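Each residue of the sequence shown is one higher than the last, beginning at 12 in the numbering used here.
Yeah, the Cβ is synthetic: ideal placement off N, Cα and C, and Gly gets one too.
Bear in mind the structure is a predicted one, so any value in this text is a computation, not a measurement.
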Amino acid sequence: MAIQPIVRAELSPSLQINRLSRLRWGLIGFELLFAVLGFSSAFLVVSWPLIFVLLLTHSATNLLLHYLRDAKHYSSVIFIGSCITDLVLLSCLLALSGGTSNGLVALLLLPVAIGSVLLPVRISYLLALLAVIAYTLLLQLGDMTAITHTILESHQHSALAPDNEQHFSQHMLQMWWAFTLSAAMISWFVSTQAQLIRTKARQIAVLQQQQLQQEQAIAVATYAANAAHDLAGPIQIMALLADELEQPADVVVELRQQLDRCQHIVQTLRVNARDIRRVENRQPLTELIKQSISHWLTSRPEVQLSINEPLHGNDIILSGMASLPAAIYNILNNAADASLAQGNAQLELTLQQQYQQIVLSIRDFGEGLSDARLAELGHIPQPSTQGLGLGQYLANLTIESLGGEITRSNLPEGGMLTQIIFTSVKVKYD
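So, in structure tokens, the structure goes:
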């Protein structure tokens, strides 16, 4: 059975940039269509050549996005720059074609909506503020001629000119408030919903990853149980055949010892499987770690173990810890094998308990690992000449599922340091 490394799915920045580019092409096409319609109907503007220059500039900025699709580390900067560029160019186009009296002034809200979807909440609020500032400038600068023209007509044709001027000012103020509230509501609502969707998507991805890991762990455990069951019969037959050999040669003695060891391993597996069901639902973490170390030491009498226990503070009470001893056994076995491979039967353990954190440090005296192997260890099943290479991988899955973490590092003086860290605010209390 092959176990593949699990990669957490994330939204691709290049895909987001590509979608933004297509959306902006739609906006540019919309602008161009209305520019052509206005030009054909002799719509009053300040300068048609300047409007078409701005449209060409808008198109050029969107062509630039095509070359920035692979800039994954700068995607937020690209989104911010695109939204601000859209606000500026739209403001200039509106200033040349009637300002706030132009019915297309609502397009200023489009960059705000886009930024609310793609960017963090604070930046979306900043874009909304920039849109309000742009609208205010259009209201103050772009409509000066229309205001003056309206006031002059009021003085010439009506004795109620001051009232007309006041009503016109109130109408402009109401338009400003309406736009400001629209920008604020769009920014708040869209950004909040987008953030909620991103959070839920991350949670779903984590749950899918955990489910896949659990399915892989269950599959491996099933294979191990089947292997133990299938090995029991052949080992017993070989033990009987070894007993019937007539000559007590050294080879026969060694064969008998190895068969006894196989029987002991299978029996230990059965006992451990039975003990898993006896593990208390909730118990102190340090107590369980000490018990696991003590039980492991009885199976590896050739290892010399020194333990330092500077325990201070309150213990952590965990639930669902039936699989934790097996994970600790595996890590200790690998550390012991690494030391024995270098002719050193020594391990150094430190169990620290400080405030809200419990750390089990395991120092071996092996040759260490390369940086590449060290980065993959526990995350990707490693090739092994003596087994499936799944031990460290499953140990990581077990400890991480309980809310802990494992760190591994090479020591300058040789060997490797493995640390199992549990923090009370992160552990699983189900």
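Residue pairing for E359: DSSP places it in a beta bridge opposite S317 and R374.
When secondary structure is reduced to three states using DSSP, Q274 falls in the helix class. In the DSSP assignment, L428 falls within the unbroken beta strand (DSSP E) covering M427 to T434. When rounded, the separation of the alpha-carbon atoms in L299 and G414 is 16 Å. Membership of S23 in any beta strand (DSSP E) is not indicated, and neither H nor E is assigned to it by DSSP. Across the structure, E416 and P423 are spaced so that their CA atoms are roughly 23 Å apart. Counted as a single uninterrupted DSSP element, the beta strand (DSSP E) harbouring T418 occupies residues E416 to N421. DSSP, read as helix, strand or coil, puts P60 in helix. For S381, the closest alpha carbon among the candidates L405, M427 and V128 is that of M427. Residue burial annotation: P122 is buried, with at least 16 other C-beta atoms found within 10 angstroms of its C-beta. Between the alpha carbons of E359 and R267 lies a distance of about 33 Å.
At the C-beta level, G389 and Q403 come within 8 Å of one another. About 12 Å separates the beta carbon of S86 from that of P131, a gap too long to meet the 8 Å contact definition. Distance from V143 to T191 at the Cβ level is roughly 5 Å; contact confirmed, criterion being Cβ atoms closer than 8 Å.
Using a C-beta cut-off of 8 Å, the stretch 80-99 makes no contact with the stretch 47-57, since fewer than three inter-stretch Cβ pairs fall below that distance.
If you compare the alpha carbons of T68, L26 and N29 with that of E42, the shortest gap goes to T68. In this structure, DSSP gives I391 a state outside helix and strand, which the three-state scheme calls coil.
The Cβ atoms of S334 and T434 do not sit closer than 8 Å to each other. Burial state of N319 is exposed, judged by a 10 Å Cβ sphere holding fewer than 16 other Cβ atoms.
Taken atom to atom, the span from the alpha-carbon of Q221 to that of Q430 is near 22 Å. The closest CA to that of I432, considering only T297, L140 and Y146, is found on T297.
Rounded to whole angstroms, the gap between the alpha carbons of L308 and R209 is 47 Å. In this structure, I248 and C273 do not form a Cβ contact; the two beta carbons are roughly 12 Å apart against a cut-off of 8 Å. Per DSSP, reduced to three states, the secondary structure at P122 is helical.
Secondary structure of P245 (DSSP, three-state): helix. Taken atom to atom, the span from the alpha-carbon of L385 to that of G244 is near 39 Å.
About 5 Å separates the Cβ atoms of N113 and L105, confirming a contact at the 8 Å cut-off.
When C-alpha distances from H275 are compared across D261, A250 and L74, the shortest belongs to A250. By a beta-carbon distance limit of 8 Å, I373 contacts L343. Their separation comes to about 7 Å. Note that the C-beta distance between A139 and S70 is not below 8 Å.
If you draw a 10 Å sphere on the C-beta of T418, you find fewer than 16 other C-beta atoms in it, and that means exposed.
Exposed is the label assigned to A383, since fewer than 16 other Cβ atoms lie within 10 Å of its Cβ. Annotation: R80 is outside any alpha helix (DSSP H) and is labelled neither H nor E by DSSP. Judged by their CB atoms, I28 and I125 are not nearer to each other than the 8 Å cut-off.
Taking C-beta atoms as the reference points, L31 and S93 count as a pair closer than 8 Å. In this model, Q365 and F376 are separated by some 26 Å (Cα to Cα).
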